[in-house]
Amino acid sequence: MIQRYFTAILFLVLFLTTAFAGLYIGQSYLHSDTGQHGTHGDHWHNMFHERLQITKAQEQQLLVIENRFHAQRTALENEIYRANQQLATAIRKDKAFSPQVQEATNKIHKTMGELQNATIKHYFQMRPVLTDEQNLKLEKMVTDALESK
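If you read the sequence shown in our numbering, its first letter stands for residue 91, the second for the next number, and so on.
Below, the structure written as structure tokens:
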């Protein structure tokens, strides 16, 4: 019995750690931000423009991609928030790794995967707008961020 609770708690801790790490990477490193979401996004957006030397024409093309991604990301983040609330309620109520806890956990996991996929697709949607040199720099920024601890 104790083994089961230990396994459940360990799973939950590992899952939440992985989920939040994925969210952090997705929000912080795999997309540029339009300046609407706070200082870290602003920093990434400015670094993106500075390092890649984005032209005004590219900026206009990227803005369409950014706005579309922003709407999608916001919807997924809101879904993750609601699933986290559902998980918190289930943990408080059930005090065990119940079907409701599992359901909420699965919903978070599924939505985090959707956010990660949307973020990666967003990265690839930007590539045609950039020059070969800019794409190499962006790829290095993204892969370095993914490989860092």
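All C-beta atoms, glycine included, are put in the ideal place defined by N, C-alpha and C. Fair warning: this is a prediction, and the values are worked out from it, not measured in the lab.
Excluding the 5 residues preceding and the 5 following residue i in the sequence, name in chain order all residues of the same chain whose CB lies nearer than 7 Å to its CB.
i      : result
Leu177 : Val191, Ala194, Thr195, Ile198
Leu166 : Thr201, Glu204, Leu205, Ala208
If you drop the 5 nearest sequence neighbours on each side, which residues of the same chain put their C-beta closer than 6 Å to that of residue i?
i      : result
Gln162 : Ala208
Tyr171 : none
Arg217 : Asn225
Going by alpha carbons, who is nearest to residue i out of the options?
i      : options                        : result
Glu229 : Tyr213, Lys239, Val219, Ser238 : Tyr213
Gln80  : Ala235, Ala186, Thr221, Asp234 : The question about residue 80 has no answer, for the chain in this structure spans 91 to 239.
Spatial neighbours of residue i within its chain, please: CB distance less than 8 Å, with the 5 preceding and 5 following residues excluded, ordered by chain position.
i      : result
Glu223 : none
Val219 : Gln148, Gln151, Leu152, Ile155
Ala173 : Ala194, Lys197, Ile198, Thr201
What whole-angstrom Cβ distance do residue i and residue j have, given they're in contact under 8 Å?
i      : j      : result
Met231 : Arg141 : 7 Å
In whole angstroms, what separates the C-alpha of residue i from that of residue j?
i      : j      : result
Gln150 : Ile181 : 46 Å
His189 : Glu169 : Note that residue 189 corresponds to Pro in the displayed sequence, not to His. When rounded, the distance between both Cα atoms is 19 Å.
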